[in-house]
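Residue numbers (full-length UniProt numbering), protein chains in the order written: chain L, 1 to 315; chain V, 1 to 295.
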């Protein structure tokens, strides 16, 4: 019970930081707190937030997934090339998502059955998949073309339902599903258990390998979903897409109060973490903060959050 | 709870502290630049900043960090903030399309710098001609060493427009002059990689007479490799005209560098933006000349 309250407080802290950030920038720039700009930020955040959901699950099992940026690039490129050949965008999306899940499955198997550290396994995967992306794209960006199918696909990035942009809706669905899985399903409890104490979990008869493989599969799948949004928003897939996205995702997870040691954290925290990064980027742009200083501020905010979380976690 | 107050206070302080000097009401121009992690684009930015100061405009600079998604986000942000003209140096010609469309939709005139946009309405495009530069490099090598020359080509990051275009121009020169490209490998525009790749290629091709590197960093790496292999008569041509390369040319280590003039690209961008603000129409294509720098 007390554990629950503590976790709740940690989440609240991120939320307070987010609210203060919003109020702070709003008072400094009148264009900031407009529906238009909020939609902007949420759309910009959606890609990182969705990848960060997968990263959260992986980190909860005390793993890490460094391959997210590469998986993001390859699945996006494959989907874009399918649409570029005037094929149904439905096929493209299914192919992209299936590929993402397969790569994640591969990482999971290497980690669970090969007994490799997640850091090493996904680092290797990052290189292999990045290489595969370069081979597949021949190093050049892949455009969607101008067919009707390309327009259909662009609905993912530009479509609106009840006035709400699709990327935001997709992000919301991903968070609700992930939150439900973590909170109400056996898989969710097993994820926390594996990260909390792996050997105890194993001894209590839970199939730890299966849990690990599933979380990396979900991570790969979510990278692919995020890739569909970005490819659609840009109307093209870049061979260099997603570089550094693993760091953004980890930053969102950490800002959201999830422990890097695993077993402790909440999906809503990750949403708040991703939003803090998104609002910070947008806010600094609106305030005209020098591009070089933006990185320092971002680093500083993450450092601050981790230091404070560390202290509260131990206290 | 105390800590959460501390945290929130510090975040707020960061925000307020970084507000900076946006006090005086000047006409605003925005420059979204592909990356500020590369001296070439930093010089381009500096050229624009200096010209904006001279003409009395407030220039807001945003860094896309070579990421088209970040670029789109930057453009969306700047459209919210408000700007008279958008100067954009795209990360990629295709991927910038929707960012340009967003500016079009918001009614903000767009000028592209260095790289073009495949989509949307652009008032003016300002760039040096990379294809012509690549061709000039090939022609220069032939002029020095004749049609039969055996050349190694060091390519930049595969897929980047600079690498593609310079390579295309070089190929055009090869087709026109008939010289031999005995090896072509990417070294990612990087000096250390340029050296390593050149070392390997030298071992495989000791008869090489000239090297064309698609940027100066790789050319300087190649110079290192050539000198440590004890070969003094290999002609090296780079691209960009960076300070280091110009020094190397003066010392006779490099034969030439095809220099772009990034500060001029930035400055001409702001000049074109001023024309738009004054209600005039700038040229649709503003070429910025390249110059071959030799000893």
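All residues carry an ideal CB built from backbone N, CA and C; glycine is no exception.
Quick caveat: nothing in here was measured; it's all calculated off a predicted structure.
Name the chain V residues that come within less than 7 angstroms of residue 350/L, Cβ to Cβ? Any answer about residue 350/L is impossible in this case: the structure gives chain L only from 1 up to 315.
Nearest chain V C-beta to residue 75/L closer than 8 angstroms, yes or no? Here the question's residue 75/L lines up with position 75 in the first chain. For residue 75/L, the closest Cβ of chain V is not nearer than 8 angstroms.
Does the distance from the C-beta atom of residue 122/V to that of residue 100/V stay below 8 angstroms? Residue numbering aside, residue 122/V sits at position 122 when the second chain is read from its first letter. Residue numbering aside, residue 100/V sits at position 100 when the second chain is read from its first letter. With contacts defined by Cβ atoms closer than 8 angstroms, residue 122/V and residue 100/V form a contacting pair.
Going by DSSP in three states, residue 108/V sits in which element: helix, strand or coil? Stepping through the second chain from its first residue, residue 108/V is reached at position 108. The answer is coil: DSSP assigns residue 108/V none of H, G, I, E or B.
Which same chain residues, not among the five before or five after residue 195/L, have their C-beta less than 7 angstroms away from its C-beta? Here residue 195/L refers to the residue found at position 195 of the first chain. Once the five neighbours on either side are set aside, the close Cβ partners of residue 195/L are 60, 61, 62, 262 and 263.
With a threshold of 8 angstroms, are at least 3 pairs of Cβ atoms found where one atom belongs to the stretch 74 to 83 of chain L and the other to the stretch 135 to 142 of chain L? The stretch 74 to 83 of chain L, when compared against the stretch 135 to 142 of chain L, does touch it at the 8 angstroms Cβ threshold.
From the DSSP secondary-structure annotation, give me the bridge partner or partners of residue 58/V. Your numbering for residue 58/V matches position 58 in the second chain. Here residue 58/V is bridged, per DSSP, to 28/V.
Taking Cβ positions only, does residue 78/V come closer than 8 angstroms to chain L? Here residue 78/V refers to the residue found at position 78 of the second chain. Interface residue, yes.
State the DSSP-derived secondary structure class of residue 239/L, mapped to helix, strand or coil. Here the question's residue 239/L lines up with position 239 in the first chain. For residue 239/L, the three-state secondary structure derived from DSSP is coil.
Given a threshold of 16 other Cβ atoms within 10 Å of its Cβ, counted over all protein chains shown, does residue 85/L qualify as buried or as exposed? Taking the first residue of the first chain as 1, we reach residue 85/L at position 85. So residue 85/L ends up on the exposed side.
Have a look at 229/L, 175/L and 55/L and flag the residue whose alpha-carbon is nearest the alpha-carbon of residue 268/L. As a working mapping, residue 268/L is identified with position 268 in the first chain. Of the candidates 229/L, 175/L and 55/L, the one whose C-alpha sits nearest the C-alpha of residue 268/L is 175/L.
Interface partners of residue 31/L on chain V, CB under 8 angstroms: As a working mapping, residue 31/L is identified with position 31 in the first chain. By Cβ distance, chain V contributes 80, 81 and 82.
Suppose you measure from the CA of residue 139/V to the CA of residue 55/V; what does that come to, to the nearest Å? Start at 1 with the first residue of the second chain, and residue 139/V comes out as number 139. Start at 1 with the first residue of the second chain, and residue 55/V comes out as number 55. Using only the alpha carbons, I get a separation of about 39 angstroms.
Note down, in chain order, every chain V residue with its Cβ under 7 angstroms from the Cβ of residue 291/L. In the first chain, the residue the question calls residue 291/L occupies position 291. 36, 61, 62 and 63, listed in chain order.
Does residue 23/V pass the burial test, meaning 16 or more other C-beta atoms within 10 Å, or should it be called exposed? Position 23 of the second chain, counting from 1, holds the residue named residue 23/V. In this prediction, residue 23/V scores a pLDDT of 42, lower than 50, which makes its location untrustworthy; no coordinate-derived value is stated.
Which bits of chain L does residue 281/V rub up against, with CB to CB less than 9 angstroms? Here residue 281/V refers to the residue found at position 281 when the second chain is read from its first residue. Those do not exist, as residue 281/V stays about 28 angstroms from chain L at its closest Cβ, beyond 9 angstroms.
For residue 290/V and residue 258/V, which I take to be in contact (beta-carbon distance under 8 angstroms), what is that distance rounded to the nearest angstrom? Working through the second chain from its first residue, we reach residue 290/V at position 290. Working through the second chain from its first residue, we reach residue 258/V at position 258. For residue 290/V against residue 258/V, the beta-carbon gap comes to about 6 angstroms, under 8 angstroms, which counts as contact.
So what does DSSP say about residue 155/V, is it helix, strand or coil? Stepping through the second chain from its first residue, residue 155/V is reached at position 155. DSSP, read as helix, strand or coil, puts residue 155/V in strand.
Are the C-beta of residue 143/L and some C-beta of chain V separated by less than 8 angstroms? Numbered from 1 along the first chain, position 143 holds the residue referred to as residue 143/L. Yes, residue 143/L counts as interfacial toward chain V.
Report yes if the CB atom of residue 131/L is closer than 8 angstroms to the CB atom of residue 245/L, and no otherwise. Start at 1 with the first residue of the first chain, and residue 131/L comes out as number 131. Start at 1 with the first residue of the first chain, and residue 245/L comes out as number 245. Their beta carbons are not under 8 angstroms apart, which means residue 131/L does not touch residue 245/L by this criterion.
If you follow the beta strand (DSSP E) that residue 134/L is in, where does it begin and where does it stop? Looking up residue 134/L in the first chain gives position 134. Run containing residue 134/L: none in the beta strand (DSSP E); it sits in the alpha helix (DSSP H), 118 to 137.
For residue 236/L, count neighbouring Cβ atoms within 10 angstroms of its own Cβ and tell me buried if that reaches 16, exposed if not. To locate residue 236/L, count along the first chain from 1; it is residue 236. So residue 236/L counts as buried.
Using the beta-carbon count (16 or more within 10 Å), is residue 120/L buried or exposed? The sequence position of residue 120/L within the first chain is 120, counting from 1. Exposed is the call here.
Report the residue from 163/V, 115/V and 126/V whose alpha carbon sits nearest the alpha carbon of residue 238/V. Counting from one through the second chain, the residue named residue 238/V turns up at place 238. Nearest C-alpha to residue 238/V: 163/V.
Looking at residue 223/L: is its Cβ nearer than 8 angstroms to the Cβ of residue 111/L? Along the first chain, read from residue 1 onward, the residue named residue 223/L stands at position 223. Along the first chain, read from residue 1 onward, the residue named residue 111/L stands at position 111. Result no, Cβ atoms of residue 223/L and residue 111/L do not sit closer than 8 angstroms.
Determine the burial state of residue 284/L: buried for a count of at least 16 other Cβ atoms within 10 Å of its Cβ, exposed for fewer. Translated into the one-based positions of the first chain, residue 284/L becomes position 284. Residue 284/L counts as buried, since at least 16 other C-beta atoms from the protein chains shown sit within 10 angstroms of its C-beta.
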